[in-house]
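Taking it in order: structure first as structure tokens, then the write-up.
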Amino acid sequence: MSATLSFSTSNPPPGIPIPPEIRAELEEGVAELRETIEELRIQAVSNPKIREFLPDVVIYYNAVYYALKHDQFYREKDPNDFQIASEFLRKGMERAVSLKEGQAPWTQIRYSGGPLV
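In the working numbering, the protein residues as written are -9 to 107.
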């Protein structure tokens, strides 16, 4: 008996065009968040709380960084993917600032239903 594995090599479909001014805004936000993350990584060496919760910041950075890198924006209707990406950057920076202050308030929030964004 032999088994064969097949792997899909298909990629996601191309996204919608990103207007240049929106791309510039998002890239600026990504760069700012990346700088803050790098500062936190240095502090994480000696701060266990930052080390524990830094991934909760990085996930927002990665979501927008990779969507820009691979042109993976699809939804044009409100809320469109550009608005959601901006919100992710805002939320990531909010968490980064809290972590710098030694806080992680998002860990105390209880989900009560409804949208998470």
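Where is the CB? At the ideal position from N, CA and C, for every residue including glycine.
Suppose contacts are defined by Cβ-Cβ distances below 8 Å. Is A86 in contact with L30 by that definition? yes
Quick check: what's the CA-CA separation for Q98 versus I40?
In a straight line, the C-alpha of Q98 is about 16 Å away from that of I40.
So for R100, helix, strand or coil by DSSP? Coil at R100, not helix or strand.
Practice task
Could you check which residue in L58, K90, A94 and E22 has the C-alpha nearest to that of R13?
Solution key: L58
Could you please give the first and the last residue of the uninterrupted alpha helix (DSSP H) stretch that includes D161? A question about residue 161 goes unanswered here, because the residues of the chain that appear run from -9 up to 107.
Fill in: Element boundaries [alpha helix (DSSP H), containing Y64]
Where Y64 is concerned, there is no enclosing alpha helix (DSSP H), given that its DSSP letter is neither H nor E.
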